[in-house]
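Under mature numbering (1 follows the signal peptide of the UniProt record, and there is no 0), the residues of the sequence shown are numbered -21 to -1, 1 to 622, in order. Idealized CB from N, CA, C, for every residue including glycine. Values in this document were obtained by computation on a predicted structure and should not be read as measured data. Please read the structure below before turning to the comments.
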Amino acid sequence: MRSFIAGLLSLTLFSPAVLSAQQVVTTVSELQELTDFSRLPRYRPGTSLRQFSSYDRTGNNDDGFSGKYSFIRKEKDSSLVIFEAKGKGVINRIWTPTPTDDLVDFYFDGAIKPGLTIRFSDLFSGRVMPFLAPLTGNQVGGYFCYLPIPFEKGCKIVFRGKKLEFYQIQYRSLGKSERVRTFNSRDAALPAAVEKLAQRWTAADRFMAGTKDVQIISFDQVVEPGGSLVLARLSSPGRIVGIELDQAAAYAGLNRQADLKFTWDDEAQPAVYAPVADFFGYAFGKPSMQSLMLGSAAQVNYCYYPMPFAKKARIELLYRKADVGKQESLRVKGRIYLRPEGLNAAREGRFYAFRNRQQPTQPGQPHVLLAGQGRGHYAGTILQAQGLEPGMTLFFEGDDQTTADGELTMHGTGSEDYFNGGWYAMLDRWDRAMSLPLHGSLDYSLPYSRTGGYRLFLTDKIPFMRSFRHTIEHGPENNNKPGDYTSMAFYYADQPLATGQAPTNATTGTYLPDTMTLYPQLINYSFAGAMTVEGETITAKDGGAVRIDLQELPAGGYRLLADADELPDGAEVTIWQRQTRVSEPISFRAASRNEQRMRYLCDVVVDDFRNSVTFHFKRDKTNNKLHIRRLILVKKTAEKAMQ
């Protein structure tokens, strides 16, 4: 088990040295925020989180393609000002999916000469100190930098290239009373601080045996369908600093029947009421997320968000009865880590998690991650996004928007961008599950038309004093792509901002489409014979076969159709499943190019053994091309599938 709690416990015992260091905002002090989870509940009065980005100001989808909105203004030498802030602040996140080797100049505190000049790509490459992994990198199509860059009297960033495309630069404005030490890349303390963070983030075992003031509450019980368990009933001030549930696979499945319910003090509604699977970042019922603070690894679900309470707390697990079918009892085993330090209501908030399932999303209206009245800060997002139209995941073009205390403070450039990703449906970009410490992709499936992501907000937690609204669109323009969205919003506040629905069987099931679509860029091919693939065109030099993997599809009978072109040199093929031919000869030859949509090819069956289709090419050195834009499989009725 990769336990993340040691780093937390070793830092929750505040020392005078740490408190003293907090009086001056430096790059090193900000790096401590990325390892000291105990600071997460603390309010940040007098600050705000803001962002410069390339989003399309007209509401359309040119969020960086043309570069029209990718700068604030042009200087006389045609260089691009991409960030400009007055007063005191800290840049805490830089993102782009389109880095270049052009130089970027950082001007600090009104200086005429730049305090930092670096290639734009080297903000993310890990080759230049102190811009090193794991604070920087790229794994899901987006390039990210979380190295804190504080400034005392303003900061301007100038891009020296001819064109910048997609970008986001996020920063925290600071109050006049804050003491700030402006960023210096040659600071002698930086190498050790970055190395310390890297070690803490990547340690195999972070549990610190013998740590004082931590009580471990262990439980190992069995609950029957329709029953519930109280995992912890606490009657004195304290704070939960870790929750672990063993046997993560037991909570997997399409129906998500087990729920967590947390209640603090005398509050009338639960602070958390959500399926175990959604809370721990499962993707459509399957374990996925493995972030720094929350997720599932080595068969253990873990959460290390601090949860302070003033007087009492109750942690429950409820096991709903299934509507149909046999349901086994559930063994619930795990641990809760507790410290005696109670809630300091004057300077920190309680922990809440709001679940929002929209099935379907509403045309013209974004999906609401969190909205309400109160004081606090936003600390994390998990989103499962299912398209309701077969095909490409265009719903994930939607932008995020953040309004704090009535002011729009951040506007994103796309859904995968929000999760520090980029370029969905492209090989080795946003194309599958991938977990990093602060963000990642939960899943990506073109056949199911679904995806999801997560993001933790630590140094960039979003403060609000009176009200907060955080949304994400579904579709490139006007929220015009229908979806089935499930989100978890994690935040700290003086009161619940929103009341979530109690989970029911109707609101926790997983949508399974009856039409599945395969696109060439992410098809898993196997070849027999001399074959070449160029884009959407397969060429058989002298006969041969190409097998297409269907293992991702649910079992059943399907009608196989294709968006395919007839060509002057189009091939003749037959379609097989294993050694059984399932189609008549099909010709894709015509006198001139002829685009075809939804052409019926044959019927196929998908099960444990028949989970592919193979196109056998007729031996012909001239007419040997197959151009497929996509394959469509439409589920047949259960009765027909059995025949």
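Which first and last residues belong to the alpha helix (DSSP H) in which serine 394 is found? Counting along the chain, the alpha helix (DSSP H) containing serine 394 begins and ends at 394 to 397.
So the alpha helix (DSSP H) glutamate 12 belongs to, where does it begin and stop? According to the DSSP assignment, glutamate 12 belongs to the alpha helix (DSSP H) that extends over 6 to 12.
Identified DSSP bridge partners for methionine 79: Going by the sequence as given, residue 79 is threonine instead of methionine. Bridge pairing for threonine 79: absent [DSSP].
Short CB-CB distance (under 8 Å) between leucine 322 and chain C: Here chain C cannot be found, since the structure has a single protein chain.
Whose C-beta lies closer than 6 Å to the C-beta of valine 119 among residues of the same chain, with five residues either side of it excluded? Once the five neighbours on either side are set aside, the close Cβ partners of valine 119 are Gly400, Trp409, Met413 and Ser420.
Which residues in the same chain have their Cβ closer than 6 Å to the Cβ of leucine 610, if we skip the five residues on either side of it in sequence? Excluding residues within five positions, the ones whose Cβ falls inside 6 Å are Leu497 and Ala541.
Would you identify the three-state DSSP class for alanine 250, choosing helix, strand or coil? DSSP places alanine 250 in coil when its eight states are reduced to three.
Does the Cβ of methionine 108 have 16 or more other Cβ atoms within 10 Å, making it buried, or fewer, making it exposed? Under this definition methionine 108 is an exposed residue.
Pull up the distance between the alpha-carbon of alanine 383 and that of threonine 465, whole angstroms please. Cα to Cα, alanine 383 sits roughly 23 Å from threonine 465.
Should residue 627 be labelled buried (16 or more other beta-carbon atoms within 10 Å of its own) or exposed? Outside the shown range of the chain, which is -21 to 622, sits residue 627, and nothing can be said about it.
Contact set for glycine 94: own chain, Cβ-Cβ below 6 Å, skip 5 residues either direction: Once the five neighbours on either side are set aside, the close Cβ partners of glycine 94 are Phe85 and Phe87.
Which one or two residues does DSSP pair with serine 152 in a beta bridge? The partner list for serine 152 (beta bridge, DSSP) reads Ser27 and Gly68.
Nearest neighbour of residue 702, chosen from Glu376, Glu545 and Val584 [CA to CA]: Because the chain here runs from -21 to 622, residue 702 falls outside it and cannot be looked at.
With distances taken from CA atoms, which of Glu456, Pro170, Leu143 and Pro204 is nearest aspartate 379? Of the candidates Glu456, Pro170, Leu143 and Pro204, the one whose C-alpha sits nearest the C-alpha of aspartate 379 is Glu456.
Is the number of C-beta pairs between the region 290 to 305 and the region 194 to 212 that are closer than 8 Å three or more? Of all C-beta pairs linking the region 290 to 305 to the region 194 to 212, three or more are shorter than 8 Å, placing the two stretches in contact.
Provide the residue(s) that pair with phenylalanine 506 in DSSP beta bridges, ordered along the chain. For phenylalanine 506, the beta-bridge partners assigned by DSSP are Val525.
Could you check which residue in Ile195, Leu362 and Val220 has the C-alpha nearest to that of glycine 264? Of Ile195, Leu362 and Val220, the residue nearest in Cα terms is Leu362.
Which residues does DSSP pair with lysine 312 in a beta bridge? DSSP output for lysine 312 lists Asp199 as bridge partner(s).
Under 8 Å by Cβ, that's how I've got proline 345 and asparagine 458 pegged, so tell me the actual separation to the nearest angstrom. The Cβ separation is near 6 Å, so the contact holds.
Environment of arginine 148 [buried if 16+ CB atoms lie within 10 Å]: The sequence shown places isoleucine at residue 148, rather than the arginine named in the question. So isoleucine 148 ends up on the buried side.
Own chain partners of glutamate 531 with C-beta closer than 6 Å, once the 5 adjacent residues on each side are dropped: Sequence-distant partners of glutamate 531 (beyond 5 residues in either direction) whose C-beta falls short of 6 Å from its own C-beta, in its chain, are Pro426.
How about proline 287 and glycine 343: do their beta carbons lie closer than 8 Å? Contact flag unset, no.
Which residues in the same chain have their Cβ closer than 6 Å to the Cβ of proline 564, if we skip the five residues on either side of it in sequence? In its chain, beyond the 5 residues on either side, Glu551 and Thr553 have a beta carbon closer than 6 Å to the beta carbon of proline 564.
Leaving out five residues on either side along the sequence, give the residues of the same chain with a beta carbon under 6 Å from the beta carbon of asparagine 590. Leaving aside the five residues that flank asparagine 590 on each side, the residues in its chain whose CB is nearer than 6 Å to its CB run, in chain order, Leu529 and Gln530.
Hey, isoleucine 451 and glycine 377: beta-carbon distance below 8 Å or not? The beta carbons of isoleucine 451 and glycine 377 sit closer together than 8 Å.
Can the beta-carbon of glycine 260 be found closer than 8 Å to that of leucine 273? A contact, by the Cβ cut-off of 8 Å.
Residue burial classification, tyrosine 146 (beta-carbon count within 10 angstroms, cutoff 16): Looking at its Cβ environment, which holds 16 or more other Cβ atoms inside 10 Å, tyrosine 146 is buried.
Return helix, strand or coil for leucine 176, following the three-state DSSP convention. DSSP places leucine 176 in helix when its eight states are reduced to three.
Give the secondary structure of asparagine 484 by DSSP, where H, G and I count as helix, E and B as strand, and everything else as coil. Looking at asparagine 484 - three-state DSSP - the assignment turns out to be helix.
When the Cα of leucine 349 is compared with those of Val311, Pro285 and Pro475, which residue comes out closest? Answer by Cα proximity: Pro475.
Beta-carbon contacts of arginine 608 that lie in its chain and below 6 Å, excluding the five residues immediately before and after: Once the five neighbours on either side are set aside, the close Cβ partners of arginine 608 are Glu515 and Asp542.
If you run the structure through DSSP and keep just helix, strand and coil, what is methionine 187? A caution first: methionine 187 carries a pLDDT of 44, below 50, which makes its placement in the model unreliable, though a value can still be read off. Methionine 187 falls in the coil class under three-state DSSP.
Beta-carbon proximity list for alanine 507, same chain, < 7 Å, skipping 5 on both sides: Counting only Cβ-Cβ distances below 7 Å, and skipping sequence neighbours, we find Gly523 and Ala524.
Terminal residues of the alpha helix (DSSP H) in which phenylalanine 469 lies: Counting along the chain, phenylalanine 469 sits inside no alpha helix (DSSP H); it lies in the beta strand (DSSP E) bounded by residues 462 to 472.
Taking its Cβ as the centre, do 16 or more other Cβ atoms sit within 10 Å of tyrosine 537, making it buried, or is it exposed? Burial state of tyrosine 537 is buried, judged by a 10 Å Cβ sphere holding 16 or more other Cβ atoms.
Using a Cβ-Cβ cut-off of 8 Å (strictly less than) and excluding sequence neighbours within five positions of glycine 189, which residues of its own chain qualify? With a pLDDT of only 41 at glycine 189, under 50, the local geometry of the prediction cannot be trusted, and the value read off the model is given with reservation. Exclusion of the five residues before and after glycine 189 leaves no residue of its chain whose Cβ lies closer than 8 Å to its Cβ.
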